[in-house]
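A.B. asks: So in full-length UniProt numbering, the last one in the sequence shown is 171, and the numbering has no gaps at all. A single structure is presented below for examination.
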Amino acid sequence: MLAIRNNIKCYEKLNKTVEGNEAVAVQIETSFGHLLIASIYIPPNIKLHHELFGQIYDLDNDCLILGDLNASLQYMGSKKTNAKGLQLQQVLYEGYLQCIDNVLTTYIRNNYEEKIDWILASQPTITFINNVETQAPFGLKEDHKPLTFNLDMSAEKKTTISSNILQLQIG
């Protein structure tokens with residue numbers, strides 16, 4: 001899900017499900033031009049559709065992809081690597097997207113924590129991301145900790161993003 005403040009101009013560029021991978025992407029106007037922001041959800045028992053990431057990048061190579069990928073990738077901060085993590089690794093090896101490298105756990109259930117939610121971005125967007133944090137899960141049944149971060153694209157404007165419900169604040 002993406003939620004964008006109504007004072008930010010945005011245009012839906014993609015809203016589709018490919019082999020169980022759900023994606024929505026919007027393009028927003030920034031002081032540097034446009035930025036494509038996408039949210040992807042991949043259910044636990046569904047394979048990561050590698051081509052979907054390429055399709056999003058092809059829409060605008062200045063992009064930010066956030067999502068619950070249910071992928072664990074040890075060398076990027078997860079406790080272990082699962083099959084979907086290996087699929088994510090293939091996307092990263094392509095080189096057009098990079099991942100925020102941190103050890104923040106984003107999923108918690110029954111005293112088990114893991115990093116399965118991700119922030120991916122192209123260059124130079126990845127360099128504008130800072131202050132990445134997790135927040136308390138929403139509600140009683142929610143088991144994902146929302147990721148929040150700042151996206152500083154210029155000295156005059158600051159953008160704050162949360163990946164479970166994407167909120168952009170400019171000004």
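Don't be surprised by glycine CBs; every beta carbon is placed ideally from N, CA and C.
Starting from TYR93, follow the beta strand (DSSP E) in both directions and report where the run begins and ends.
C.D. replies: Residue 93 sits at position 93 when you count from the first residue of the sequence shown. Element bounds for TYR93: not the beta strand (DSSP E) but the alpha helix (DSSP H), 83 to 94.
A.B. asks: I need the straight-line Cα distance from LEU36 to THR134, nearest angstrom please.
C.D. replies: Numbered from its first residue, the sequence shown carries residue 36 at position 36. Numbered from its first residue, the sequence shown carries residue 134 at position 134. Distance between the alpha carbons of LEU36 and THR134 is about 23 Å.
A.B. asks: Report back the beta-carbon spacing between ASN21 and ILE46 to the nearest angstrom; my notes put them in contact at under 8 Å.
C.D. replies: To locate residue 21, count along the sequence shown from 1; it is residue 21. To locate residue 46, count along the sequence shown from 1; it is residue 46. Between ILE46 and ASN21 the Cβ distance is about 7 Å, and since that is below 8 Å, they are a contact.
A.B. asks: What residue ranges within the segment 2 to 29 form continuous beta strand (DSSP E) runs of no fewer than 3 residues, ordered along the chain?
C.D. replies: 10 to 18
A.B. asks: Whole-angstrom Cβ separation of LYS145 and THR106, contact assumed at under 8 Å?
C.D. replies: Position 145 of the sequence shown, counting from 1, holds the residue named residue 145. Position 106 of the sequence shown, counting from 1, holds the residue named residue 106. Confirmed, about 5 Å.
A.B. asks: Grab the span of the alpha helix (DSSP H) containing HIS50 for me, first residue to last.
C.D. replies: Mapped onto the sequence shown, residue 50 falls at position 50. Taken as a continuous stretch (DSSP letters only), the alpha helix (DSSP H) holding HIS50 covers 50 to 59.
A.B. asks: Excluding five sequence neighbours on each side, which residues of the same chain lie with their C-beta closer than 8 Å to the C-beta of LEU14?
C.D. replies: Locating residue 14 in the sequence shown gives position 14, counting from the first residue. Same-chain partners within the cutoff: ALA23, VAL24, ALA25, ALA38, GLN55, ILE56 and LEU59.
A.B. asks: Got a sec, what are the start and stop residues for the beta strand (DSSP E) ASN130 sits in?
C.D. replies: Walking along the sequence shown from the start, residue 130 turns up at place 130. Element bounds for ASN130: 129 to 134.
A.B. asks: For SER39, which beta-bridge partners are listed by DSSP?
C.D. replies: Position 39 of the sequence shown holds residue 39. BP columns for SER39 point to VAL24 and LEU66.
A.B. asks: Straight-line CA distance for SER31 to LEU120?
C.D. replies: The residue you call residue 31 lines up with position 31 of the sequence shown. The residue you call residue 120 lines up with position 120 of the sequence shown. Approximately 21 Å between the Cα atoms of the pair.
A.B. asks: By the three-class DSSP mapping on this structure, what secondary structure does ILE100 have?
C.D. replies: Here residue 100 refers to the residue found at position 100 of the sequence shown. Of the three classes helix, strand and coil, the one that applies to ILE100 here is coil, per DSSP.
A.B. asks: Where does ILE126 sit, in a helix, a strand or coil, going by DSSP?
C.D. replies: By 1-based counting over the sequence shown, the position of residue 126 is 126. In the structure shown, ILE126 sits in a helix (DSSP, three-state: H, G or I).
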